[in-house]
Amino acid sequence: ETGVTQSPTHLIKTRGQQVTLRCSSQSGHNTVSWYQQALGQGPQFIFQYYREEENGRGNFPPRFSGLQFPNYSSELNVNALELDDSALYLCASSLLAGVVEQFFGPGTRLTVL
Amino acid sequence: DAKTTQPTSMDCAEGRAANLPCNHSTISGNEYVYWYRQIHSQGPQYIIHGLKNNETNEMASLIITEDRKSSTLILPHATLRDTAVYYCIVSDTGTASKLTFGTGTRLQVTL
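Read top to bottom, the protein sequences are chains A and B.
Here our numbering is used: the first sequence runs in plain steps of one and ends on residue 119.
Here our numbering is used: the second sequence runs in plain steps of one and ends on residue 676.
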């Protein structure tokens with residue numbers, strides 16, 4: 007069984023650019039959640055996708071958007087990057103939308119200069 | 566969601582029990598207590614959750630006070646591999662997979 011994988015591992019962008027981060031969910035999981043973790047802070051919920059539809063969103067602006075594909079992999083897109091977007095972006099998958107146990111990937115470290 | 570308060574850091578000797586406290590005095594009746602941990606350079610890992618009864622699994626035990634205003638996560642025999650940041654989160658089942666983590670407790674297990 008393959009766990010949650012994310013790509014790329016690290017990424018450096020400049021202010022104003024756009025970025026796409028990718029996540030492959032654990033086998034059999036149809037729900038993917040994205041989190042942002044700033045340095046020294048706990049992860050903050052961005053949004054969740056369940057069967058290709060957005061299923062809840064945290065307190066993040068519309069320039070944070072996502073997609074989920076038929077194979078349940080997912081993308082996180084961030085437009086008009088700001089310095090404060092520098093963070094570790096975590097993807098988590100779960101068997102169903104309401105299931106407690108989430109399995110997290112190792113994250114993508116985004117640095118915005 | 567109710568807020569939680571945890572100590573910033575704790576130390577524990579290897580082989581001893583690690584008891585990590587969490588205060589959640591504003592918890593609502595339908596809110597669960599969830600514990601995750603995050604080992605350095607990894608994503609968070611689910612540990613355990615509970616509503617009002619004590620819970621135990623292969624990783625840990627969760628003790629929730631009768632008034633549900635606080636809880637304790639117990640790692641019965643801590644090892645060096647248990648060194649991590651431990652997060653206590655309170656949330657209802659509808660948002661069980663849409664959690665917002667606090668800053669947690671950094672547990673350092675030493676020889």
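Note that CB positions come from ideal geometry on N, CA and C, so glycine has one too.
Please state whether DSSP places residue i in a helix, a strand or coil.
i              : result
R21 (chain A)  : coil
R671 (chain B) : strand
R646 (chain B) : helix
Going straight from the alpha carbon of residue i to that of residue j, what length do you get?
i              : j              : result
L82 (chain A)  : W40 (chain A)  : 8 Å
L638 (chain B) : P609 (chain B) : 16 Å
I18 (chain A)  : Q12 (chain A)  : 16 Å
T120 (chain A) : E596 (chain B) : No answer is possible for residue 120 (chain A): it lies beyond the span of chain A, which begins at 7 and ends at 119.
N36 (chain A)  : V105 (chain A) : 11 Å
Measuring only from the beta carbon, is residue i closer than 7 Å to any heavy atom that is part of the ligand SAM?
i              : result
K663 (chain B) : With respect to the ligand SAM, the structure shown offers nothing to examine, as it has no ligands at all.
Please check if any C-beta of chain A sits within less than 8 Å of the C-beta of residue i.
i              : result
S662 (chain B) : yes
G659 (chain B) : yes
G594 (chain B) : no
T665 (chain B) : yes
H642 (chain B) : no
Under a CB-based cut-off of 8 Å, is residue i close to chain B?
i              : result
G64 (chain A)  : yes
T37 (chain A)  : yes
F70 (chain A)  : no
V118 (chain A) : no
Please identify the residue among the options whose C-alpha is closest to the C-alpha of residue i.
i              : options                : result
D576 (chain B) : B:P586, B:T570, B:K568 : B:P586
*Which whole runs of the beta strand (DSSP E) in the region 51-116 of chain A are 3 residues long or more, in chain order?*
59-63, 70-74, 80-84, 93-100
*Where are the alpha helix (DSSP H) runs, 4 residues long or more, that stay fully inside the region 605-631 of chain B, in chain order?*
none
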